[in-house]
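Read the structure below first, then the notes.
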Amino acid sequence: MGVSADHPLAVKVGIDVLEEGGNAFDAAIAVSAALSVLQPQSGGPGGDAFALLIGEGEMKAFASNGKSFSGFDAERFIAEGPKRGPLTVTVPGLVSLWGKLNEDFGTMPLNDLLQPAISLAYNGFSAGYMLATASSSSEKELEKYRWSRYFRGIQPGDFITNRDMARTLRAIAERGWSDFYEGNLAESILRELEEQGVIGEADDLRKHKAVEVEPLKLDVEGMVLYELPPSTHGITTLHLISALHELGLDGMDFGDPKRVLAWREPVRISYEFRDSQIGDPDFMSLDVTKMTRYSDIKERARSAISGGIGKDTTFFIVADGEYLLGFIQSLFNPFGSGLVVGGFPVQNRGLGFARKRGIPNSPAPRKRPLHTLSILGIDEGNAWRIVGCVGGDVRPQLHLRAYENLYVYRMNDAQALMAPRFIFTSPTGEQVVEVEEGIRFIEEGGLKLLKVPLYGTHGHIHTARMDARGALLLASDPRTEGISMAF
């Protein structure tokens, strides 16, 4: 059993639940709530969440991503292109996922699982560098919003308390998760959002429900790969991994200086397909469940105007001895929209909409934007693995890099995450690629290359592998302040 997450205290919370006899779902709820307090810039009750469970004979995926509010002004969104503020807010989904997992699969009361997070919010904790860095980098952009009352000027080591967070979590614990969507807490949330410029109705919250979804599937190299379906861009992960094998890129040495340039075209095509074809499944014309290979999309990709690039998320893994559960929650950008309700930041996930009409991801009221959250599950036949990360728009590439290191270059999990990597931070149009120290490359082909220090590029990846004997291996990216622990 074990936990891998972006904060040591959250890992401890999860380990405690497992030691008390809780299962992976129980521990995931407790870890999620703790991270909502410890790293509020990355996710919480004001944001969305997804989960993926894998093990012998079992694969389940869950989605809880909210729609835009009923009063969302799509024309104004297209015209103004806001990055933060009320026009970017969508209905939060995380708390609904807590409720579904707890009611359908949990073994412990939700009240008990939220107590560690309530204590952290009420009694306090020392701020980590990730929270402090996010506070500093967000100040200029968010100082005019309610964010500044809660999260401005945080320094590493500052002792942080947030009694409003504690009250919100206590209300959920005592009155049940549904109170967030159709009770007194829901009324308070709508009132606070309206005060900050969001136009919504009670039905916007009431109608939101976390759901179990059918994951996308790709058979490759004797393994079965799973990813989250639209409106996430999980399919882009599968397209990139498929391209790795279809185009013979798996035959290139890790140190080949032509390797960066070789990925230019498959990255562009995979992202152009995403931008032009993927969005809220209720508005999509293509059935992409049969289009998970790179060869399926080469002729369909066409340029589109995608939404903004978000990169503040937190991902963690829980292993309970029987299953691996990957869980990802996010606000999109650090601290989301800048709006705050109940002490928690509210997501700016609406930024995922394209600023363009006539495609599945066009903005509209009561519609889900393209979602950058995804999780990669791998069934090796007699072993199972989960890969997930912080990464936003470049998450599919981070999943690709981890997969490539593990299955092509045969690195162990720790080596795979420690290895230098390159990421196309602008995957379409004028392509820009960040190249960490240690990656050889050729400066040609029209790419804009940004050289960064080792561990200086995007992403905090966590991996877990469990085999049929029950042997467990967890690994955390050195680019994060998180850790992995097993017992």
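Here the sequence shown stands for residues 374 to 860, where the numbers follow my numbering. Note that CB positions come from ideal geometry on N, CA and C, so glycine has one too.
Just the C-alpha distance for SER405 and PHE700, rounded to the nearest angstrom, thanks. 8 Å
Tell me, which residues are paired with MET858 by DSSP? VAL376
Close beta carbons around ALA677, own chain, < 8 Å, minus the five adjacent residues each side: At ALA677, the pLDDT of 48 sits below 50, so the modelled position is not reliable; the number obtained from the coordinates is stated separately. The residues are GLU645, ASP648, SER649, ALA727, LYS729, ILE732, ASN734.
Between the segment 409-417 and the segment 479-495, are three or more C-beta pairs nearer than 8 Å? yes
Determine whether the beta carbon atoms of LYS582 and SER469 lie at a separation below 8 Å. yes
Quick check on DSSP: helix, strand or coil for TRP757? strand
Can you list, in chain order, the stretches of the alpha helix (DSSP H) that have 4 or more residues and sit fully within the segment 386-412? 397-411
To the nearest angstrom, report how far apart PRO800 and GLY556 are at their CA atoms. 43 Å
Closest Cα partner of ILE651 within the set ILE759, ALA383, PRO736, TYR523: PRO736
In DSSP terms, what LYS824 is bridged to: VAL808
Runs of alpha helix (DSSP H) wholly within the segment 512-593 (minimum 4 residues, chain order): 520-524, 536-548, 552-555, 557-568, 575-579
Going by alpha carbons, who is nearest to ALA616 out of MET791, GLY375, ARG666, ASP752? ARG666
Is MET869 helix, strand or coil by DSSP? Summary: the structure shown does not reach residue 869, with the chain confined to residues 374 through 860, and so no result is reported for it.
C-beta atoms of VAL586 and PHE435 nearer than 8 Å: yes
Mind the definition here: the segment 619-633 touches the segment 749-761 only if three or more C-beta pairs lie below 8 Å; say whether that holds. no
Please confirm whether GLY395 and LEU845 have their CB atoms less than 8 Å apart. no
Could you work out which residue in GLY416, PRO742, PHE498, LEU634 is closest to PRO603 when comparing CA atoms only? PRO742
Nonlocal neighbours in the same chain, by C-beta distance under 6 Å from VAL805, ignoring five residues either side: THR798, SER799, LYS821
By Cβ distance below 6 Å, which residues in the same chain neighbour ALA775 in space, the five residues on each side in sequence not counted? VAL760, ALA789, ILE834
To the nearest angstrom, report how far apart LEU771 and GLU695 are at their CA atoms. 27 Å
Is DSSP giving PRO489 helix, strand or coil here? helix
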